[in-house]
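A.B. asks: Just passing along the structure, written as structure tokens.
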Amino acid sequence: MAPAREDTVLVTGERLQPTLPRGAAMEMPAAAQGAMPAGVDVVVIGAGITGHSIAWRLAQRGLSVAVFERGVVGGGASLAATGMLAAAAEHEPGHPAFLPLALDSQRLWPQFGRDLETAPDIGIDYRDEGTLLVALTRDEVERLRFRHELHGRDGLATRWLNGAEARLLEPALRPNVAAGIFCPEDHQGEPRLVMAALARAFRRAGGHLVENCAVERLEVEGGRVAGVAVPGGVCRTPIVVVATGAWSGDGGLLPLNAEIPVRPLKGQALCLRTTAETGTLSRILWTEQV
């Protein structure tokens, strides 16, 4: 559960849409209107946060970059996400190679966010208050204790809290909260603001964005990538980055020996309005139920 924001409240039954908080405009490059370059140094497939971040950094380094998006910017998982940078809170046994990658990414985020916040009136709402995991029952406490011991074995800087300490850190918690883990390095950004900032930064760096244009196949010559084929023709390029998230294994873009065993996983997000009586959370809160 993430802290509530007044300008992101939905009415009951309303579907979460990729709209922006008040004051934020999704600035798009002229290429977003459909123009496709004949050739570029790098093509990125997928205009979510990952694809747009890669494209922006490459464009900053002087490369010509085109991003092809089958829908609209951030229309996949990026704008449905809640922006939790939870390397510790989401750490589970059995994935030793993933944790160092997650931690490295997490450490890059503060400077990455500052680099994006180029407009004085629009930021990315980066929050560094940390994340709190809580347990309500005896069984939950035992499972949470196991998780904290895992954190310790893997070198994560998290802190065990008893119920009173958890409520002191987050006064809006119910009295029956029995224990908690505080993850001070697990932060949060607002994905919609991040996407708007990335679109603006990519445009200013000279990038090409082509929306509503699905890549149908890779053009291969002499055993090497030579371009991407789309309904409107071919964009020549020696380098292609596939950044389509959970759909990276679909569409036959990758050779059989390089297929990625990933699939979409459905989640749910619910926005609630807080009041003076309910109180407002000051940080991300996790339980086994939420």
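Under this note's numbering, the letters of the sequence shown match residues 1405 to 1694, in that order.
C-beta: ideal position from N, C-alpha, C; glycine also.
1) To the nearest angstrom, how far is the alpha carbon of residue 1601 from that of residue 1443?
2) Counting Cβ pairs, one atom from each stretch, are 3 or more of them under 8 Å apart for the region 1487 to 1495 and the region 1586 to 1593?
3) Look at the Cβ atom of residue 1440, then the Cβ atom of residue 1612, and state whether they are nearer than 9 Å.
4) Between the region 1550 to 1564 and the region 1621 to 1632, are three or more C-beta pairs nearer than 8 Å?
5) Can you tell me the Cα-Cα spacing of residue 1574 and residue 1527, whole angstroms?
6) When burial is assigned at 16 or more other CB atoms within 10 Å of the CB, is residue 1641 buried or exposed?
7) Report buried or exposed for residue 1664, applying the criterion of at least 16 other Cβ atoms within 10 angstroms of its Cβ.
8) Just to check my reading of the structure: residue 1508 and residue 1469 have Cβ atoms closer than 8 Å, yes? What is that Cβ distance to the nearest angstrom?
9) Would residue 1501 pass as a contact of residue 1673 if the rule is Cβ separation under 9 Å?
10) Which of the three DSSP states, helix, strand or coil, is assigned to residue 1440?
11) Can you tell me whether DSSP reads residue 1689 as helix, strand or coil?
12) Can you tell me where the beta strand (DSSP E) holding residue 1623 begins and where it ends?
13) Rounding to the nearest angstrom, what Cα-Cα distance links residue 1434 and residue 1689 in this structure?
14) So, using beta-carbon positions, are residue 1639 and residue 1473 closer together than 9 Å?
15) Could you pull the start and end residues of the beta strand (DSSP E) that residue 1715 belongs to?
16) Does DSSP put residue 1453 in a helix, in a strand, or in coil?
17) Is residue 1474 helix, strand or coil by DSSP?
18) Which residue comes first and which comes last in the beta strand (DSSP E) that contains residue 1612?
19) Can you give the beta carbon distance from residue 1687 to residue 1534, rounded, assuming they're within the 8 Å contact cut?
20) Keeping to the same chain, check which residues put their C-beta closer than 6 Å to that of residue 1560; ignore five residues upstream and five downstream.
21) Under 9 Å, do residue 1592 and residue 1486 count as touching if we go by C-beta distance?
22) My understanding is that residue 1538 touches residue 1682, with C-beta atoms under 8 Å, so please give their C-beta distance in whole angstroms.
23) Measure how close the beta-carbons of residue 1684 and residue 1570 come, nearest whole angstrom, since I'm counting them as under 8 Å.
24) Once DSSP output is grouped into helix, strand and coil, what is the label at residue 1580?
C.D. replies: In brief:
1) By 1-based counting over the sequence shown, the position of residue 1601 is 197. By 1-based counting over the sequence shown, the position of residue 1443 is 39. Approximately 25 Å between the Cα atoms of the pair.
2) yes
3) Taking the sequence shown and counting its residues from 1, one reaches residue 1440 at position 36. Taking the sequence shown and counting its residues from 1, one reaches residue 1612 at position 208. It is a contact, given that the beta carbons lie within the stated cut-off.
4) no
5) Position 170 of the sequence shown, counted from the start, is the residue given in the question as residue 1574. Position 123 of the sequence shown, counted from the start, is the residue given in the question as residue 1527. About 25 Å.
6) Position 237 of the sequence shown holds residue 1641. Its Cβ being crowded by 16 or more others within 10 Å, residue 1641 is buried.
7) In the sequence shown, counting from the first residue as 1, residue 1664 sits at position 260. Per the 10 Å Cβ criterion, exposed.
8) Counted from its first residue, the sequence shown places residue 1508 at position 104. Counted from its first residue, the sequence shown places residue 1469 at position 65. That pair is no contact at about 23 Å.
9) Residue 1501 sits at position 97 when you count from the first residue of the sequence shown. Residue 1673 sits at position 269 when you count from the first residue of the sequence shown. The answer is no: Cβ separation not under 9 Å.
10) What you label residue 1440 is simply residue 36 of the sequence shown in a count that begins at 1. Here residue 1440 sits in coil by DSSP.
11) Sequence index remark: in the sequence shown, residue 1689 carries index 285 (1-based). Residue 1689 falls in the strand class under three-state DSSP.
12) Here residue 1623 corresponds to residue number 219 of the sequence shown, with the count starting at 1. Start and end: 1621 to 1625.
13) As a working mapping, residue 1434 is identified with position 30 in the sequence shown. As a working mapping, residue 1689 is identified with position 285 in the sequence shown. Note that residue 1434 scores 40 on pLDDT, short of 50, meaning its location in the model is unreliable and no value can be drawn from it.
14) As a position in the sequence shown, residue 1639 is number 235, starting the count at 1. As a position in the sequence shown, residue 1473 is number 69, starting the count at 1. No, they are not a contact pair.
15) Only positions 1405 to 1694 of the chain appear in this structure, which leaves residue 1715 out of reach.
16) Numbered from 1 along the sequence shown, position 49 holds the residue referred to as residue 1453. Three-state result, residue 1453: helix.
17) Here residue 1474 is taken as the residue at index 70 of the sequence shown, counted from 1. Of the three classes helix, strand and coil, the one that applies to residue 1474 here is coil, per DSSP.
18) As a first step, residue 1612 is located in the sequence shown; it is residue number 208 there, counting from the start. Looking at the DSSP string, the run of the beta strand (DSSP E) that includes residue 1612 is 1612 to 1614.
19) Along the sequence shown, read from residue 1 onward, the residue named residue 1687 stands at position 283. Along the sequence shown, read from residue 1 onward, the residue named residue 1534 stands at position 130. Right, the Cβ-Cβ distance comes to about 6 Å (below 8 Å), so this counts as a contact.
20) Position 156 of the sequence shown holds residue 1560. Closer than 6 Å at the Cβ level, and outside the excluded window around residue 1560, lie 1492.
21) Along the sequence shown, read from residue 1 onward, the residue named residue 1592 stands at position 188. Along the sequence shown, read from residue 1 onward, the residue named residue 1486 stands at position 82. Yes; because the gap between Cβ atoms is below 9 Å, this pair is in contact.
22) In the sequence shown, residue 1538 corresponds to position 134, counting from 1. In the sequence shown, residue 1682 corresponds to position 278, counting from 1. Contact flag wrong, Cβ pair sits at about 17 Å.
23) Locating residue 1684 in the sequence shown gives position 280, where the first residue counts as 1. Locating residue 1570 in the sequence shown gives position 166, where the first residue counts as 1. Their Cβ separation, rounded to whole angstroms, is 17 Å, which puts residue 1684 and residue 1570 out of contact at 8 Å.
24) To locate residue 1580, count along the sequence shown from 1; it is residue 176. Looking at residue 1580 - three-state DSSP - the assignment turns out to be coil, as it is neither helix nor strand.
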